[in-house]
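Before any comments, here is the structure.
Protein chains: 2
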Amino acid sequence: MTRKPTQTALPSATRASAKGAAPAGNVEVPASNRATRAAERRAAIVDAAMEEFIARGFAATRLDDIAKRAGVAKGTIYLHFRDKESMFEELVRIVIVPVVARLTALPPPAGSVRDLIEAFAGNFLKEVIGTRRGDLVRLIVAEGPRFPSVADFYYREVVSRGIAAMRALIELGITRGEIRDKELARYPQILVAPAMIAVIWQSLFARHAPLDAQDMLRVHLDLIFGERRTT
Amino acid sequence: MTRKPTQTALPSATRASAKGAAPAGNVEVPASNRATRAAERRAAIVDAAMEEFIARGFAATRLDDIAKRAGVAKGTIYLHFRDKESMFEELVRIVIVPVVARLTALPPPAGSVRDLIEAFAGNFLKEVIGTRRGDLVRLIVAEGPRFPSVADFYYREVVSRGIAAMRALIELGITRGEIRDKELARYPQILVAPAMIAVIWQSLFARHAPLDAQDMLRVHLDLIFGERRTT
DNA sequence: TGACTATGACTGACTAGTCAGTCATGTATC
DNA sequence: GATACATGACTGACTAGTCAGTCATAGTCA
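Line by line, the protein sequences give chains A and B. Under my numbering, the first residue of the first sequence is numbered 1, with each subsequent residue one higher. Under my numbering, the first residue of the second sequence is numbered 1001, with each subsequent residue one higher.
In structure tokens, the structure reads:
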């Protein structure tokens, strides 16, 4: 009984992945074929879900809100994801994977170890700290204990790789005589710690006391590499 | 409409803080007077709430579960706290304040700056890392964005004080020639970062890769103070 | 090319279940 | 006996997930 959606508009954001996630008011752009449209919708749902989960956390996020933000009916979400939980898990994968790929693909085997690490830090600064992706990291820290599969994935794909990569760089630095402290290779976490703190700080305390992450990371590298660089 | 907490007692935990928090099966020990009993109940509720909030986060925690764990009826919770939200906020205060007090009251003005910082780190290791209180820190990171009052409180009472204290120590270290890098005073976060990372690591990744926090902090201090100490 | 049919993406009202907060009814204390 | 405290069944608001029905589009045929 009752039923008669009429359903005129069908937003769909024409690719663009609509970061801003314009809710309702977007104009009809009936993308070519069905498959494309579906992919666009899926992307819109992912973006919307990301925003909502970051803003409210897993439990407090309503699928109705995600649907509204994505400009889609609630049922549509279930055409793309099994349920709320698996949507959250997939979401993390979908967003994390390309970032890792980009950060990993970097190593331009040029210059000193310090140059390499600085390039890496620069990218991290640009790609993560203070961005939506930084918030995602905080979200993983927050929900990790309740989503072992997410924590596992994150450890496997990001943390263990990152630690291994940093360890390799540190060992190279020690071999080349750029880094004096040989013990550092045992705890690459020390190298990464200020960057992580910066991510969390921006999320939580930026409005109390803004933090110049770039400068802080430079000071930290000075500490490790022992000398002042450039100016 | 509706709302009228009744909000009678405000016991104030008469200290005691009953860490053990025996769940249901506690044999009634009709402690002398009403005030004492009430204080015990309040403490039991605080402990139970702490456990539940840490395990599930704010939104997913059920007051029924807190009540059951505390060995109390749900209504009793409302004799002590206005609602779930203010319970969470008070909880953070109740648990954090004594920890800060204990960590702050330390400074035995003896020995080198490194000794001071090492003593501090040792206490932090014992009191926070890998304990329930460490989980609370993770919880604050998790819920902070949704509870500005909690984030504010935490910044004011813990972060800003901690940063200021560390800065003072660093400056003293620089004056005394123990610390070479003068820039460090601008970012006390660098000094603290590995400790925070240890807290988070224990919560999330300990079962994937255990971390010897104590050793890591030692290596980090070696990095800052430049030389190896003892053995 | 135009008309007609089949497909399945999409919708949103609905169901079943959950849980914060209430309050009438005890019960212990003074 | 009066008061303060404690209880837990109850209410009502809210939401994850469902599914019967719709309709734009792809496919087929003349």
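Cβ coordinates follow ideal geometry from the N, Cα and C atoms, glycine included. Keep in mind the model is a prediction, meaning the values are calculated, not measured.
**OP:** May I ask you to report which of helix, strand or coil DSSP gives A:S203?
**Re:** In the first sequence, residue 203 of chain A corresponds to position 203, counting from 1. In the structure shown, A:S203 adopts helical secondary structure according to DSSP, grouped into three states.
Original post:
With a Cβ-Cβ cutoff of 9 Å, do A:A59 and B:G1057 count as a contact?
Top reply: Here residue 59 of chain A refers to the residue found at position 59 when the first sequence is read from its first residue. Here residue 1057 of chain B refers to the residue found at position 57 when the second sequence is read from its first residue. Annotated as proximal: A:A59 and B:G1057, with beta-carbon spacing under 9 Å.
Original post:
Count the other CB atoms within 10 Å of the CB of B:S1149; is the residue buried (16 or more) or exposed (fewer)?
Top reply: Translated into positions along the second sequence, residue 1149 of chain B becomes position 149. B:S1149 should be labelled exposed.
Original post:
From which residue to which residue does the alpha helix (DSSP H) around B:D1047 run?
Top reply: Counting from one through the second sequence, the residue named residue 1047 of chain B turns up at place 47. Element bounds for B:D1047: R1034 to R1056.
Original post:
Alpha carbon to alpha carbon, how far is A:P23 from A:A48?
Top reply: Within the first sequence, residue 23 of chain A is the residue found at index 23, counting from 1. Within the first sequence, residue 48 of chain A is the residue found at index 48, counting from 1. Model confidence at A:P23 stands at a pLDDT of 36, short of 50, so the residue's coordinates are unreliable and nothing is read from them.
**OP:** Alpha carbon to alpha carbon, how far is A:A142 from A:Y78? Give it in angstroms, no decimals.
**Re:** One-based indexing of the first sequence puts residue 78 of chain A at position 78. One-based indexing of the first sequence puts residue 142 of chain A at position 142. If I take the Cα positions, the gap works out to 25 Å.
Original post:
When the Cα atoms are used, what is the spatial distance from B:L1103 to B:V1159?
Top reply: Within the second sequence, the letter at position 103 stands for residue 1103 of chain B. Within the second sequence, the letter at position 159 stands for residue 1159 of chain B. Distance between the alpha carbons of B:L1103 and B:V1159: 13 Å.
Original post:
Do we get a CB-CB distance below 9 Å when we pair B:F1205 with the residues of chain A?
Top reply: As a working note, residue 1205 of chain B is residue 205 in the second sequence. Yes, B:F1205 counts as interfacial toward chain A.
Subject >> Test: A:I174 CB closer than 9 Å to a CB of chain B >> reply: Position 174 of the first sequence, counted from the start, is the residue given in the question as residue 174 of chain A. So, not an interface residue.
Original post:
At least one CB of chain B closer than 9 Å to the CB of A:I200: is that the case?
Top reply: Taking the first residue of the first sequence as position 1, residue 200 of chain A is located at position 200. Yes, A:I200 lies at the interface with chain B (some Cβ there is under 9 Å from its Cβ).
Original post:
Which residue comes first and which comes last in the alpha helix (DSSP H) that contains B:G1075?
Top reply: Taking the first residue of the second sequence as 1, we reach residue 1075 of chain B at position 75. That run of the alpha helix (DSSP H) goes K1074 to H1080.
Original post:
In this structure, does DSSP put B:P1178 in helix, strand or coil?
Top reply: For the purposes of this step, residue 1178 of chain B is taken as the residue at position 178 of the second sequence. Reading off the sequence, residue 1178 of chain B comes out as Glu, not Pro. For B:E1178, the secondary structure class from DSSP, reduced to helix, strand or coil, is coil.
**OP:** Check the Cβ-Cβ distances between A:G134 and every residue of chain B, and say whether any is below 9 Å.
**Re:** As a position in the first sequence, residue 134 of chain A is number 134, starting the count at 1. The beta-carbon of A:G134 is placed no less than 9 Å from the nearest beta-carbon of chain B.
**OP:** Measure the Cβ-Cβ separation of B:A1198 and B:I1129 and say whether it is below 9 Å.
**Re:** Here residue 1198 of chain B refers to the residue found at position 198 of the second sequence. Here residue 1129 of chain B refers to the residue found at position 129 of the second sequence. At a Cβ-Cβ threshold of 9 Å, B:A1198 and B:I1129 count as neighbours.
**OP:** Would you mind working out which of A:L63, A:R218, A:Q214 and A:F88 sits nearest A:R146, comparing C-alpha positions?
**Re:** Translated into the one-based positions of the first sequence, residue 146 of chain A becomes position 146. Residue A:F88 holds the alpha-carbon nearest to the alpha-carbon of A:R146 among A:L63, A:R218, A:Q214 and A:F88.
Original post:
Rounded C-beta distance between A:L125 and A:A213? I'm assuming under 8 Å.
Top reply: For the purposes of this step, residue 125 of chain A is taken as the residue at position 125 of the first sequence. For the purposes of this step, residue 213 of chain A is taken as the residue at position 213 of the first sequence. Their Cβ separation, rounded to whole angstroms, is 6 Å, which keeps A:L125 and A:A213 in contact under 8 Å.
Original post:
Considering only residues of the same chain and omitting the five flanking positions on each side of B:A1185, which have a CB-CB separation below 7 Å?
Top reply: Numbered from its first residue, the second sequence carries residue 1185 of chain B at position 185. Shown here for B:A1185: same chain residues with a beta carbon closer than 7 Å to its own, the five before and five after excluded, namely R1167, I1170, E1171 and I1174 in chain order.
Original post:
Is B:D1083 buried or exposed, if buried means 16 or more other CB atoms sit within 10 Å of its CB?
Top reply: What you label residue 1083 of chain B is simply residue 83 of the second sequence in a count that begins at 1. The residue in question, B:D1083, is exposed, as its Cβ has fewer than 16 Cβ neighbours within 10 Å.
**OP:** For B:E1178, count neighbouring C-beta atoms within 10 Å of its own C-beta (all shown protein chains included) and say buried if the count is 16 or more, exposed if not.
**Re:** Within the second sequence, residue 1178 of chain B is the residue found at index 178, counting from 1. Classification of B:E1178: buried, given that the 10 Å Cβ count is 16 or more.
Original post:
Can you tell me where the alpha helix (DSSP H) with A:H220 in it begins and where it stops?
Top reply: Taking the first residue of the first sequence as 1, we reach residue 220 of chain A at position 220. Note, A:H220: alpha helix (DSSP H), A213 to F225.
**OP:** Would you please verify whether the beta carbon of A:G111 is less than 9 Å from any beta carbon of chain B?
**Re:** On the first sequence, position 111 is the one that residue 111 of chain A refers to. False, the Cβ-Cβ gap to chain B never drops below 9 Å.
Subject >> Local conformation of B:I1096 per DSSP, three classes >> reply: Here residue 1096 of chain B refers to the residue found at position 96 when the second sequence is read from its first residue. DSSP, read as helix, strand or coil, puts B:I1096 in helix.
Subject >> Distance CB(B:I1200)-CB(B:V1137) smaller than 9 Å >> reply: For the purposes of this step, residue 1200 of chain B is taken as the residue at position 200 of the second sequence. For the purposes of this step, residue 1137 of chain B is taken as the residue at position 137 of the second sequence. Yes, Cβ-Cβ distance for B:I1200 and B:V1137 is below 9 Å.
**OP:** Look at the Cβ atom of B:E1157, then the Cβ atom of B:I1096, and state whether they are nearer than 9 Å.
**Re:** Here residue 1157 of chain B refers to the residue found at position 157 of the second sequence. Here residue 1096 of chain B refers to the residue found at position 96 of the second sequence. It is a contact, given that the beta carbons lie within the stated cut-off.
Subject >> Extent of the continuous alpha helix (DSSP H) to which A:V137 belongs >> reply: Residue numbering aside, residue 137 of chain A sits at position 137 when the first sequence is read from its first letter. Counting along the chain, the alpha helix (DSSP H) containing A:V137 begins and ends at R132 to E143.
Original post:
Roughly how many whole angstroms lie between the Cα atoms of B:A1119 and B:I1224?
Top reply: Within the second sequence, numbered from 1, the residue matching residue 1119 of chain B stands at position 119. Within the second sequence, numbered from 1, the residue matching residue 1224 of chain B stands at position 224. In this structure, the straight-line span from the alpha carbon of B:A1119 to that of B:I1224 is close to 16 Å.
Original post:
Going by the beta-carbon positions, is the gap between B:G1111 and B:R1180 smaller than 9 Å?
Top reply: Position 111 of the second sequence, counting from 1, holds the residue named residue 1111 of chain B. Position 180 of the second sequence, counting from 1, holds the residue named residue 1180 of chain B. In terms of Cβ geometry, B:G1111 and B:R1180 do not form a close pair [threshold 9 Å].
Subject >> Member of B:A1038, B:R1114 and B:A1055 whose CA lies at the smallest distance from the CA of B:F1081 >> reply: Along the second sequence, read from residue 1 onward, the residue named residue 1081 of chain B stands at position 81. Residue B:A1038 is the option with its Cα nearest to B:F1081.
Subject >> Chain-ordered neighbours of A:A59 on chain B, where CB pairs are closer than 7 Å >> reply: For the purposes of this step, residue 59 of chain A is identified with residue 59 of the first sequence, where counting begins at 1. Per Cβ cutoff of 7 Å: G1057, A1059 and A1060.
Original post:
DSSP state of B:A1110, grouped into three classes?
Top reply: Sequence index remark: in the second sequence, residue 1110 of chain B carries index 110 (1-based). Looking at B:A1110 - three-state DSSP - the assignment turns out to be coil, as it is neither helix nor strand.
Original post:
Going along chain A, which residues have a C-beta under 7 Å from B:M1166?
Top reply: Counting from one through the second sequence, the residue named residue 1166 of chain B turns up at place 166. Contacts between B:M1166 and chain A, judged by CB atoms closer than 7 Å, are missing: the closest CB pair is about 13 Å apart.
Original post:
In the structure shown, what three-state DSSP assignment does B:R1156 receive?
Top reply: To locate residue 1156 of chain B, count along the second sequence from 1; it is residue 156. Helix.
Original post:
So A:A70 is in the alpha helix (DSSP H); what residue range does that whole segment cover?
Top reply: Residue 70 of chain A sits at position 70 when you count from the first residue of the first sequence. Residues L63 to A70.
**OP:** Give the interface partners of A:D64 over in chain B, defined as CB-CB distance under 8 Å, in chain order.
**Re:** Working through the first sequence from its first residue, we reach residue 64 of chain A at position 64. Residues of chain B passing the Cβ test: none, with the nearest at roughly 16 Å.
Original post:
What is the rounded straight-line gap between the Cα of A:S195 and the Cα of B:D1135?
Top reply: The sequence position of residue 195 of chain A within the first sequence is 195, counting from 1. The sequence position of residue 1135 of chain B within the second sequence is 135, counting from 1. The sequence as given places Ala at residue 195 of chain A; Ser does not occur at that position. So the two alpha carbons sit approximately 21 Å from each other.
**OP:** Would you kindly work out how many angstroms separate the C-alpha atoms of A:R207 and B:Y1154, rounded to a whole number?
**Re:** Residue 207 of chain A sits at position 207 when you count from the first residue of the first sequence. Residue 1154 of chain B sits at position 154 when you count from the first residue of the second sequence. Taking the straight line from one Cα to the other gives about 13 Å.
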